[in-house]
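S.K.:
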Amino acid sequence: MCARFRRGRRANSVGSFLTAELNYDVSIAGQQGPGGFSTRYDSKNKATSVIQDNRSNQRGPRGHGRSSRMLASGGYSMRFHRSAISLSIAVVMLFMAPDAHPTYGQESRPTAQTQDTGYRPGIRNVVSGQKAKVKGLMVRRDAETISVRDDQDIETIVRLTDQTSVKTKGGWFRRGKNYEVTSLLRGLPVEVEGRGNPEGQLVAEKVRFDSSDLKVARTVETRVAPVERENQRIAGQVDELNEVSKAARAEADRANAGVATTNERITALDDYSVQDSVTVFFNVNSAVLSPEYRRALDELAQKAINAKGYVIEITGHADSTGNLQRNRILSQQRADAVVQYLQENHDIPLRRMITPFGYGQMRPVADNTTPEGRRQNRRVEVKILVSRGLAQTTN
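In the working numbering, the protein residues as written are -1 to 393.
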C-alpha cells in the first residue's frame, strides 16, 4: 500500500471529482481489475460519491501519467477537504458537552435535610432527627444557642452542647485547633453540622471556622462590645429618666386636679343650698313673736348650730292693708324681731345672719283680697343656707 499526496491539481480520470483549491488526494493502491473506483468526501462530509471507472481514459498499455497508473491499478482515490480539521474539532467538543453522554450519577448537597415551614419569617426549622449542614455568618449569641444567617438571609438557630466540637479548619499538613464554645463570636463565618431537634433547632455536632476569620471577629468584638455596653448604659439612664418623667407628670396631674377641685370649691362658696327653713306668721299690725313660733325658731337654731358653713337668711313681709311705706317698716320690724330672738336665746353670731330685709307688700305668696291670703302674707321667712363649696371640703 502506498500513499501519494498532491495539491491543487485536477484528476484526469472519469473517477476523479471536481476539486477546490488547497485539497489533498490520498491514493491507495488496490487490486487491479475492471472494477476500480474513486471515492470523494465533500467539504461538509455529508455525502459520498462513487463513480464507476471504465478505464476509458487510459492513454496506453502502460497507462501513462499518474492518474492512468492509479486507474490501471484499480486504486482507490479519496479526497479530504481541509474542513475535516474543523469537523474533528467539532466532534471533540460534542463529546465534551454535558448532554453528549449519559449521566450515571450526580453529587448533590444534602439540602433536603432542612426545610422552611414558615413558622417565622426568615427562620429555618430543621427536621427533627435529620442531619443538616449550614454555612453562614454568626449574628447572635445566647446562653446555649447561636444564630447563623446564610447568604439568603435565612437564620438557623444552632444549639450548642458539651459534645459540640469547635475547631478551626485544618490544612494539608496541619490539623485544626480545638476551641471552647465561648470563642464563638458575632461576625464569625462558621460551618455547622448536626441534627435537628423537636424545636426545629440544629443541635451542633461540629462547628468549623478559619483562624483568620476568628482574629477578625475578635478585633470587631473588642471594638463593638464597649460601644454596646455604653449604649445599654445610656438606654438604662433614658429608661430611668422616663420613669422619673412619668412620676413627675402624674404628680403634676394630681396637682392640677387638686387645683381644679379647689377652684370649684371657691366658685361654689357663693352657691348656697337650703338645708332647712321656717315661716313665722304675725298678727295684723304686729311684730311680736307668738309662743308657737318661738318653739319653731328654737328647733331651727339647733339645726343651724350643728351645720358647717351655714348662714341664716331672714326676710320680712306684710299684706297689702295700709300704705306702702307703713308695710315696709312693719316687715323690717318683724325680721329684726326674729334676729334678736335667735341671737339672745341661742347665741347665734350676727356674722352668721344675712342682713335682714323687709320687703313690705312687694312679695306676696297669696291673694291679699282674702283674709287667709292676707294672713299668709304677714310673715317672716327664716332659711338655713349651707355653702356648697364648704360642704364639699367637709366631705
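From the three backbone atoms N, C-alpha and C, an ideal C-beta is built for every residue, glycine too.
1) Would the beta-carbon of M136 fall within 9 Å of that of L182?
2) If distances are taken between C-alpha atoms only, which option among V164, E153, R138 comes closest to G120?
3) Any idea what DSSP makes of G120, helix, strand or coil?
4) Report the three-state DSSP secondary structure of R206 (helix, strand or coil).
5) Under the three-state reduction of DSSP, which class applies to N393: helix, strand or coil?
6) In chain order, what residues of the same chain have a beta carbon less than 6 Å from the beta carbon of A82, not counting five sequence neighbours either side?
7) According to the Cβ coordinates, are I310 and F355 closer than 9 Å?
8) Report back the beta-carbon spacing between A335 and A299 to the nearest angstrom; my notes put them in contact at under 8 Å.
9) I'd like to confirm the pairing. Which residues does DSSP put opposite R193 in its beta bridges?
10) So, is Q359 buried or exposed, given that buried needs 16 or more other C-beta atoms within 10 angstroms?
11) State buried or exposed for I232, treating a residue as buried only when at least 16 other CB atoms are found within 10 Å of its CB.
12) Given this structure, state the Cα-to-Cα distance separating N240 from E249, to the nearest angstrom.
13) By DSSP's criteria, S145 is part of a beta bridge. Which residues make up the other side?
14) Taking 7 Å as the limit between beta carbons, can you name the residues of its chain near R373, skipping five residues before and five after?
15) Among residues of its own chain, excluding the 5 on either side of D365, which ones have a beta-carbon nearer than 7 Å to its beta-carbon?
16) Would the region 206 to 214 count as touching the region 161 to 170 if we require 3 or more Cβ pairs under 8 Å?
17) If distances are taken between C-alpha atoms only, which option among V384, L340, Q341, D140 comes closest to T180?
18) Kindly indicate which three-state DSSP category L383 falls into: helix, strand or coil?
19) Using a Cβ-Cβ cutoff of less than 6 Å, which residues in the same chain neighbour G185 once the five nearest sequence positions on both sides are dropped?
20) How many Å lie between N283 and R326 at the Cα?
M.R.: For this structure:
1) For the purposes of this step, residue 136 is taken as residue 138 along the sequence shown, with counting starting at 1. For the purposes of this step, residue 182 is taken as residue 184 along the sequence shown, with counting starting at 1. Yes, the Cβ-Cβ distance between M136 and L182 is below 9 Å.
2) To locate residue 120, count along the sequence shown from 1; it is residue 122. Looking at the Cα atoms, E153 is the closest of the given residues.
3) Here the question's residue 120 lines up with position 122 in the sequence shown. G120: coil per DSSP, three-state reduction.
4) For the purposes of this step, residue 206 is taken as residue 208 along the sequence shown, with counting starting at 1. Strand at R206.
5) Sequence index remark: in the sequence shown, residue 393 carries index 395 (1-based). Confidence at N393 is low in this model, with a pLDDT of 49, below 50, so its placement is unreliable and no value can be given for it.
6) Counted from its first residue, the sequence shown places residue 82 at position 84. Note that A82 scores a pLDDT of 49, beneath 50, so its modelled location is shaky; the value from the coordinates is reported in the next line. Beyond the five residues adjoining it in sequence on each side, A82 comes within less than 6 Å, by CB distance, of no other residue in the same chain.
7) For the purposes of this step, residue 310 is identified with residue 312 of the sequence shown, where counting begins at 1. For the purposes of this step, residue 355 is identified with residue 357 of the sequence shown, where counting begins at 1. Result no, Cβ atoms of I310 and F355 do not sit closer than 9 Å.
8) Residue 335 sits at position 337 when you count from the first residue of the sequence shown. Residue 299 sits at position 301 when you count from the first residue of the sequence shown. Not a contact, Cβ separation roughly 15 Å.
9) Your numbering for residue 193 matches position 195 in the sequence shown. Paired residues: K129, V201.
10) Translated into positions along the sequence shown, residue 359 becomes position 361. Q359 comes out buried.
11) In the sequence shown, residue 232 corresponds to position 234, counting from 1. Answer is exposed; the Cβ neighbour count stays below 16.
12) The sequence position of residue 240 within the sequence shown is 242, counting from 1. The sequence position of residue 249 within the sequence shown is 251, counting from 1. Answer to the nearest angstrom: the Cα atoms are 14 Å apart.
13) Taking the first residue of the sequence shown as position 1, residue 145 is located at position 147. Answer is R138, I155, bridged to S145.
14) Here the question's residue 373 lines up with position 375 in the sequence shown. Cβ neighbours of R373 beyond the five flanking positions: F279.
15) The sequence position of residue 365 within the sequence shown is 367, counting from 1. Annotation for D365: G371 place their beta carbon closer than 7 Å to its own, counting only its chain and skipping 5 residues before and after.
16) yes
17) Your numbering for residue 180 matches position 182 in the sequence shown. Measuring from the Cα of T180, the nearest candidate turns out to be D140.
18) The sequence position of residue 383 within the sequence shown is 385, counting from 1. DSSP places L383 in strand when its eight states are reduced to three.
19) Within the sequence shown, the letter at position 187 stands for residue 185. For G185, where only same-chain residues beyond five positions count, the Cβ hits under 6 Å are A215, V218.
20) Residue mapping note: residue 283 aligns to position 285 of the sequence shown, counting from 1. Residue mapping note: residue 326 aligns to position 328 of the sequence shown, counting from 1. When rounded, the distance between both Cα atoms is 12 Å.
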